[in-house]
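Just add 4 to wherever you are in the sequence shown, counting from 1, and you've got this note's numbering.
Where is the CB? At the ideal position from N, CA and C, for every residue including glycine.
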Amino acid sequence: MPAELPSTWMLYLDGPALGPYNMAKDAYCLERAVALGCPALRLYRWSRMTMSVGRTQKVEREIDLAACRREGIDMVRRETGGRAVLHGSDLTYSLCAPLRPPFKGGVMDIYREVSRVFVRFFTGLGKSPQVKEYTTRERADQASPICFSTPSAFEILLDGKKIVGSAQRLQTAGVLQHGSIPLAPQEELLARLFLGASAGDISAQMTDLHNQGIMPGLGLDELQNRLVAAWAEIMGVSFQDAPWDERDEQAVRKLESRFPLMDYPS
Numbered sequence: 005m006p007a008e009l010p011s012t013w014m015l016y017l018d019g020p021a022l023g024p025y026n027m028a029k030d031a032y033c034l035e036r037a038v039a040l041g042c043p044a045l046r047l048y049r050w051s052r053m054t055m056s057v058g059r060t061q062k063v064e065r066e067i068d069l070a071a072c073r074r075e076g077i078d079m080v081r082r083e084t085g086g087r088a089v090l091h092g093s094d095l096t097y098s099l100c101a102p103l104r105p106p107f108k109g110g111v112m113d114i115y116r117e118v119s120r121v122f123v124r125f126f127t128g129l130g131k132s133p134q135v136k137e138y139t140t141r142e143r144a145d146q147a148s149p150i151c152f153s154t155p156s157a158f159e160i161l162l163d164g165k166k167i168v169g170s171a172q173r174l175q176t177a178g179v180l181q182h183g184s185i186p187l188a189p190q191e192e193l194l195a196r197l198f199l200g201a202s203a204g205d206i207s208a209q210m211t212d213l214h215n216q217g218i219m220p221g222l223g224l225d226e227l228q229n230r231l232v233a234a235w236a237e238i239m240g241v242s243f244q245d246a247p248w249d250e251r252d253e254q255a256v257r258k259l260e261s262r263f264p265l266m267d268y269p270s
């Protein structure tokens, strides 16, 4: 494999899909990125309202599973860590990359590198994003079962509120970091789904592109284009559509069994 990452990275722009497929495709894209020595950026959506929960998160203690069933919310477990994220009214991204510069460092170094992209992205949307660094102890002290109520290592804030929720898994040869940008308000629904949560508290901690006056005026296609452009500018690379054929599709379908929808008690 070449010593340096290529200057052209793979790009996946995917339409809505169910939770197991989305998680399986992220896993497959990581395998492919490591095998080819080429990072990949994937932007995607969800065909049903879905809660993705962290790899070791204790859902029974934190999430009202009966409420999730009543609301028709699917639930899938990620292979990354972090806290629960509600998908369906968001734009989700994933970065899959071999461990080479600029992704050669540890977890915090990679979070810092990716935060630069989102600062550029939101600046280009006419906002004044802030990056707030939290220590491990600060994050533990303020931990919540809700991703957008839990501080990130390099948190992206608009008007003092969290706008990007990310999770990461560092492996021997590669890194998967994926995250969510809410397009519309979620606090009322989140308050119904999490034990002991209140819409007021959640609203004080997170924001979305509708409340920021960005959506729906800016279309989803343009939003994606601007996010890709921010990645390209900050990383100094270009993107090309990743090759995809029936063999790739079959490989993803086989991986779906690793990410089954979670059962709710009757």
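Bounds of any beta strand (DSSP E) do not take in K258; it lies within the alpha helix (DSSP H) bounded by 250–259. Burial is judged here by how many other beta carbons sit within 10 angstroms of a residue's own beta carbon; G223 has fewer than 16 and is exposed. Take the alpha-carbon of A31 and the one of F126: they are about 28 Å apart.
Within the region 54–105, complete alpha helix (DSSP H) segments of at least 4 residues are found at 63–66, 69–75, given in chain order. A distance below 8 Å separates the beta carbons of S119 and I160. W248 counts as exposed, since fewer than 16 other C-beta atoms from the protein chains shown sit within 10 angstroms of its C-beta.
By the CB criterion at 8 Å, A44 and C100 fall inside the cutoff.
Excluding five sequence positions before and after L194, the CB atoms of its chain that fall closer than 7 Å to its own CB belong to L90, I150, A201, I206, given in chain order. Secondary structure note for T127: its alpha helix (DSSP H) is the uninterrupted segment 111–128. Bounds of any beta strand (DSSP E) do not take in M239; it lies within the alpha helix (DSSP H) bounded by 224–239. In this structure, DSSP gives G204 a helical state, which the three-state scheme calls helix. Going by DSSP, V135 is part of the beta strand (DSSP E) stretching over 134–137. Under DSSP, no beta-bridge partner is assigned to V38. Our two residues, R230 and F243, have alpha carbons roughly 13 Å apart in a direct line.
Counting along the chain, no beta strand (DSSP E) covers A195; the unbroken alpha helix (DSSP H) around it starts and ends at 191–197. In the same chain as T84, and ignoring 5 residues on each side of it, the C-beta atoms closer than 8 Å to its own belong to G58, R59, A171, Q172, R173, L180, Q181, H182, in chain order.
Going by C-alpha positions, Y97 is about 17 Å away from V80. Taking R46 as reference, the option from G86, A28, E75, K62 with the minimal CA-CA separation is A28.
Here R262 is exposed. Its C-beta has fewer than 16 other C-beta atoms within 10 Å. DSSP places A44 in the uninterrupted beta strand (DSSP E) bounded by 44–50. Contact check for V241 against S11 passes: the beta carbons are separated by less than 8 Å.
Under a 10 Å Cβ-count criterion, A157 is classified as buried, with 16 or more other Cβ atoms of the shown protein chains found around its own Cβ. Straight across, the Cα-Cα distance linking Q134 with Q209 is about 14 Å. Within the same chain, A28, A31, Y32 come within 7 Å of L259 by CB-CB distance, once the 5 residues on both sides are set aside.
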